[in-house]
Amino acid sequence: MSKRKKNNQIKNQKEEKINFTGEASERQKEKTLVKKIVLSIIAAFILLLVLFGVIGYQYVTTSLEPLDRENKTELVVEIPTGSSSKDIARILQDKGVIKSAIVFSYYIRLNNETGFQAGDYEFSPSMSLDSIIDQLQKGGTIAEYEGTKILVKEGTTIDQIGDDIAGNTEYSKKDFLAVIQNKVFLKEMETKFPELLTSALKAEDTRYTLEGYLFPATYDFPEEMPIEELVENMISKMDEVMQEFYPEITESKKTVHDILTLSSLVEREGSTSEDRKLIAGVFYNRLDIAMPLQTDVAVLYALEEHKEYVTNNDVTVESPYNLYKHPGFGPGPVNNPSADAINATVEPTESKYLYFLADLETEKVYYSETYQQHLEYQAEYINQ
291 MSKRKKNNQI KNQKEEKINF TGEASERQKE KTLVKKIVLS IIAAFILLLV
341 LFGVIGYQYV TTSLEPLDRE NKTELVVEIP TGSSSKDIAR ILQDKGVIKS
391 AIVFSYYIRL NNETGFQAGD YEFSPSMSLD SIIDQLQKGG TIAEYEGTKI
441 LVKEGTTIDQ IGDDIAGNTE YSKKDFLAVI QNKVFLKEME TKFPELLTSA
491 LKAEDTRYTL EGYLFPATYD FPEEMPIEEL VENMISKMDE VMQEFYPEIT
541 ESKKTVHDIL TLSSLVEREG STSEDRKLIA GVFYNRLDIA MPLQTDVAVL
591 YALEEHKEYV TNNDVTVESP YNLYKHPGFG PGPVNNPSAD AINATVEPTE
641 SKYLYFLADL ETEKVYYSET YQQHLEYQAE YINQ
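Next up, the structure:
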């Protein structure tokens with residue numbers, strides 16, 4: 291190889307080395323820049339989190355304190371019949387008694403404060419949240435409400451509520467059912483009460499999605515109130531009652547819809563808290579062995595009839611609500627249960643019983659572990 295050719299090769303190798311070194315240097319600079327940008331973004335994000343955390347902490351802290359310690363002005367506040375805790379919080383905020391309805395609602399939930407009463411109250415912005423809660427639980431002056439009241443009795447159905455509304459207001463049953471079945475309204479309610487209604491809107495073959503979700507109570511229904519607001523008040527009241535049960539329901543791996551379905555059966559099958567707890571336990575025992583619930587209450591709902599006894603022909607009715615034919619919980623609740631029935635379903639009495647029957651005259655309930663014993667009780671106490 292000539293000396294010149296060899297020198298050229300050496301020169302080319304040096305140039306390639308220089309180019310490679312330059313490219314490596316550029317890539318290193320680029321990596322450093324990217325790292326700086328990422329770290330800057332992370333730092334900014336952390337700073338924002340800290341800032342929002344500080345602002346949030348200050349907001350919550352001030353919301354837990356009296357709105358204005360120096361302002362002793364007495365403000366007259368009316369709490370309507372049937373108001374939920376969320377309704378009361380909103381009213382107090384609107385009247386200038388508290389700073390935040392949201393914080394107040396969470397405060398009473400975390401402290402398990404219940405038993406608020408309707409009436410007229412005198413509150414001042416200088417009052418603490420505990421003082422306001424204490425007064426709400428003691429009760430105010432009963433407001434002289436002269437408008438229409440709607441009574442939802444324990445264990446009544448949506449159809450029965452519709453009949454009562456039609457008989458006492460300018461609205462027809464058709465108007466009421468139109469709201470109950472309005473899909474847009476139902477989605478709006480699910481957004482407002484997700485814990486309560488999410489499983490209900492997923493259920494299939496139900497007659498009414500909201501059956502079982504309108505809490506039994508007396509509700510004010512003034513002329514200016516739209517029927518949608520009345521229904522929302524009923525749902526809101528059920529959500530308030532259910533707050534203490536949600537943790538146990540979640541832990542049980544059952545849905546709210548399951549619990550309210552069983553509660554509606556327990557509501558009608560038993561008349562005392564003791565019996566309701568035992569009957570709930572019987573139903574769970576049947577479910578555990580894939581035995582149909584075999585309850586007359588559901589058959590009567592399927593038949594859309596109200597009578598004391600169910601015949602052999604009745605239990606052959608073709609309906610998803612016929613729980614003699616179909617295993618499991620069924621499509622959904624068959625009435626709107628009371629807090630007592632819900633409590634019995636969430637905290638049933640454990641036993642080995644699989645059967646029960648009630649003497650309608652004495653209201654005594656007889657429980658048995660075997661079908662043979664059940665038949666003997668039937669012959670002795672019922673078929674006399």
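Residue 291 is where the sequence shown starts when you use our numbering, and the numbers rise one by one after that. Glycine residues also receive a C-beta, built at the ideal position from the N, C-alpha and C atoms.
| Do the CB positions of residue 387 and residue 353 come within less than 7 Å of each other? | No, these two residues do not count as a Cβ contact at 7 Å.
| query | If you draw a straight line from the C-alpha of residue 590 to the C-alpha of residue 635, how long is it? | reply | A straight line joining the alpha-carbon of residue 590 with that of residue 635 spans about 21 Å.
| message | List, from N- to C-terminal side, the beta strand (DSSP E) runs of 3 residues or more that fit wholly inside the segment 376–415. | response | With a minimum length of 3 residues, the continuous beta strand (DSSP E) runs that stay inside the segment 376–415 are 409–413.
| field | Member of 671, 369, 322 whose CA lies at the smallest distance from the CA of residue 425 | value | Its Cα nearest to that of residue 425, the residue 369 stands out among 671, 369, 322.
| query | Can you tell which of 532, 494, 503, 520 has its C-alpha closest to the C-alpha of residue 465? | reply | Nearest of 532, 494, 503, 520 to residue 465, Cα basis: 520.
| Where DSSP assigns a beta bridge to residue 367, which residues make up the other side? | 411.
| task | Compute the Euclidean distance between the alpha carbons of residue 638 and residue 549, then round it to the nearest angstrom. | result | If I take the Cα positions, the gap works out to 11 Å.
| task | Look at residue 592 and residue 612 and say whether their C-beta atoms are less than 7 Å apart. | result | Note that the C-beta distance between residue 592 and residue 612 is below 7 Å.
| Straight-line gap, residue 536 to residue 427 (C-alpha atoms, nearest Å) | The alpha-carbon atoms of residue 536 and residue 427 are separated by roughly 23 Å.
| task | With hydrogens ignored, establish whether the beta-carbon of residue 658 is closer than 6 Å to any heavy atom of the ligand ZN. | result | Annotation note on the ligand ZN: not contained in the displayed structure, which lists no ligands.
| the segment 551–563 contacting the segment 617–627, beta-carbon criterion three pairs below 8 Å | In the pairwise beta carbon analysis, the segment 551–563 is classified as touching the segment 617–627: at least three pairs are separated by under 8 Å.
| message | What does the alpha-carbon distance come out to for the pair residue 412 and residue 361? | response | The alpha-carbon of residue 412 is positioned some 13 Å away from that of residue 361.
| said: If I measure Cβ to Cβ from residue 655 and keep anything under 6 Å in the same chain, skipping five residues before and after, which residues do I get? | reply: These residues qualify, in order along the chain: 565, 646, 648.
| query | Which residues mark the beginning and the end of the alpha helix (DSSP H) in which residue 453 is found? | reply | Here the alpha helix (DSSP H) through residue 453 covers 448–458.
| query | Do residue 509 and residue 423 have their CB atoms nearer than 7 Å? | reply | With contacts defined as CB atoms closer than 7 Å, residue 509 and residue 423 fail to qualify as a contacting pair.
| query | Of the residues 540, 568, 542, 460, which one's Cα is nearest the Cα of residue 516? | reply | Selected option, being the one with the closest Cα: 460.
| Would the beta-carbon of residue 507 fall within 7 Å of that of residue 499? | Contact check for residue 507 against residue 499 fails: the beta carbons are separated by 7 Å or more.
| Test item: CB-CB of residue 483 and residue 525 under 7 Å | Against a cut-off of 7 Å, the Cβ pair of residue 525 and residue 483 comes out as a contact.
| said: Strictly by DSSP, which residues pair up with residue 438? | reply: DSSP links residue 438 through a beta bridge to 511.
| request: Would you tell me roughly how many angstroms separate the C-alpha atoms of residue 449 and residue 618, rounded to the nearest one? | output: Distance between residue 449 and residue 618, taken at the CA atoms: about 24 Å.
| said: Is it buried or exposed, residue 661, if we count other Cβ atoms within 10 angstroms and call 16 or more buried? | reply: Result: exposed.
| request: Pick out the complete alpha helix (DSSP H) segments inside the segment 579–646, 4 residues or longer, and give them in chain order. | output: Segments of the alpha helix (DSSP H) lying fully in the segment 579–646: 586–593, 629–636.
| DSSP three-state call for residue 503: helix, strand or coil? | Annotated three-state conformation of residue 503 is coil, per DSSP.
| Taking DSSP as the reference, what is the three-state secondary structure of residue 656? | Strand at residue 656.
| task | Mind reading off the beta-carbon distance from residue 571 to residue 641? Whole number of angstroms is fine, and I expect it under 8 Å. | result | About 5 Å separates the Cβ atoms of residue 571 and residue 641, confirming a contact at the 8 Å cut-off.
| query | Just how far apart, CA to CA, sit residue 349 and residue 375? | reply | Between the C-alpha atoms of residue 349 and residue 375 there is a straight-line separation of about 21 Å.
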